[in-house]
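With this note's numbering applied, the sequence shown covers 160 to 378.
From the three backbone atoms N, C-alpha and C, an ideal C-beta is built for every residue, glycine too.
Every value quoted in this text rests on a predicted model; they were computed, and no experiment measured them.
I have placed the structure first, in the form of structure tokens, so that the comments after it can refer back to it.
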Amino acid sequence: MIRDMHFHDFIHAITSALDAKDPFTNEHARNVSEITCALCDFMGLEDFADIHIAAHLHDIGKIGVKDRILQKPGALEEWEYKEIQRHSRLGARILKDVSPLKGVALIVRHHHERFDGKGYPDGLAGEDIPLGSRIIAVADALDAMTSMRPYRRPMPFDEAMDELRLHGGTQFDADIVAAAVERQAELRAMAIPAHVEDSATWRMVDHDAMMHSRKEVFA
Numbered sequence: 160m161i162r163d164m165h166f167h168d169f170i171h172a173i174t175s176a177l178d179a180k181d182p183f184t185n186e187h188a189r190n191v192s193e194i195t196c197a198l199c200d201f202m203g204l205e206d207f208a209d210i211h212i213a214a215h216l217h218d219i220g221k222i223g224v225k226d227r228i229l230q231k232p233g234a235l236e237e238w239e240y241k242e243i244q245r246h247s248r249l250g251a252r253i254l255k256d257v258s259p260l261k262g263v264a265l266i267v268r269h270h271h272e273r274f275d276g277k278g279y280p281d282g283l284a285g286e287d288i289p290l291g292s293r294i295i296a297v298a299d300a301l302d303a304m305t306s307m308r309p310y311r312r313p314m315p316f317d318e319a320m321d322e323l324r325l326h327g328g329t330q331f332d333a334d335i336v337a338a339a340v341e342r343q344a345e346l347r348a349m350a351i352p353a354h355v356e357d358s359a360t361w362r363m364v365d366h367d368a369m370m371h372s373r374k375e376v377f378a
């Protein structure tokens with residue numbers, strides 16, 4: 160049973176399932192987790208274990224999305240985009256019945272909400288969106304912009320930061336964007352050049368240490 164497993168082993172089992180389906184998505188999840196932890200630290204948050212876990216699992220619902228859509232090399236059709244949008248609800252559904260992950264499930268559900276209320280799945284706005292979801296939204300966008308995609312080359316780091324600034328207060332929480340901008344030198348230092356010019360992966364934090372505070376609930 161899951162309660163007999165160490166927490167990090169449980170997370171590894173879930174993410175391994177996603178990696179088997181789509182290695183690119185799993186790598187993105189790890190990158191988003193690193194950036195999210197940095198943003199939480201920049202903002203002075205002391206207890207962000209749930210946010211860290213949610214960042215690592217934010218795309219777990221893509222397990223339920225068709226491979227040919229996930230791996231499509233070109234732009235998505237409207238119906239395909241709607242299929243992709245299901246992943247935040249699916250991810251929350253996967254996690255919500257695990258009692259210690261109820262808070263994580265809520266963060267995962269809302270990581271594609273927009274600060275102006277134009278996001279999905281529920282159209283939440285402002286501080287009605289969980290803080291963790293708002294932080295992950297910024298981290299998710301930063302990694303997406305600076306990473307290679309099948310349909311485009313990565314955006315240089317400075318241009319990605321300009322995009323975050325441009326959309327602060329509309330797509331993103333302006334306070335979180337401000338924290339990222341203020342500490343952008345540290346974010347840049349986290350980036351490790353990848354095989355593709357201007358692409359970036361992200362230095363890893365100690366995941367086991369970050370998850371330690373949650374292991375006892377599975378003991």
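Rounding to the nearest angstrom, what Cα-Cα distance links residue i and residue j in this structure?
i	j	result
residue 339	residue 256	33 Å
residue 264	residue 272	14 Å
residue 278	residue 348	31 Å
residue 196	residue 239	31 Å
residue 336	residue 172	32 Å
residue 262	residue 211	12 Å
residue 327	residue 202	16 Å
residue 215	residue 188	5 Å
residue 298	residue 185	15 Å
residue 312	residue 183	15 Å
What span of residues does the alpha helix (DSSP H) with residue i cover, start to end?
i	result
residue 255	237-255
residue 328	No alpha helix (DSSP H) contains residue 328, which DSSP labels as neither H nor E.
residue 268	261-268
residue 390	Not covered by the structure: residue 390. The range shown for the chain is 160 to 378.
residue 187	182-201
Can you tell me which of the three DSSP states residue i falls into?
i	result
residue 207	coil
residue 303	helix
residue 273	coil
residue 311	strand
residue 350	strand
residue 167	helix
residue 223	helix
residue 342	coil
residue 234	coil
CB-CB under 7 Å to residue i, same chain, minus the five flanking residues each way: which ones, in chain order?
i	result
residue 319	301, 304, 305
residue 176	222
residue 207	199
residue 253	219, 220
residue 322	304
residue 285	274
residue 343	320
residue 243	224, 228, 235
Note down, in chain order, each residue of its chain lying with its Cβ closer than 8 Å to the Cβ of residue i, except the 5 sequence neighbours on either side.
i	result
residue 251	220, 264, 265, 267, 268
Return the residue from the list the options that minimises the CA-CA distance to residue i.
i	options	result
residue 241	215, 291, 258, 280	280
residue 345	313, 194, 185	194
residue 225	205, 246, 307	246
residue 350	283, 324, 315	315
Skipping 5 residues on each side, what residues in its chain have a beta carbon closer than 6 Å to that of residue i?
i	result
residue 317	none
residue 329	275
residue 248	280
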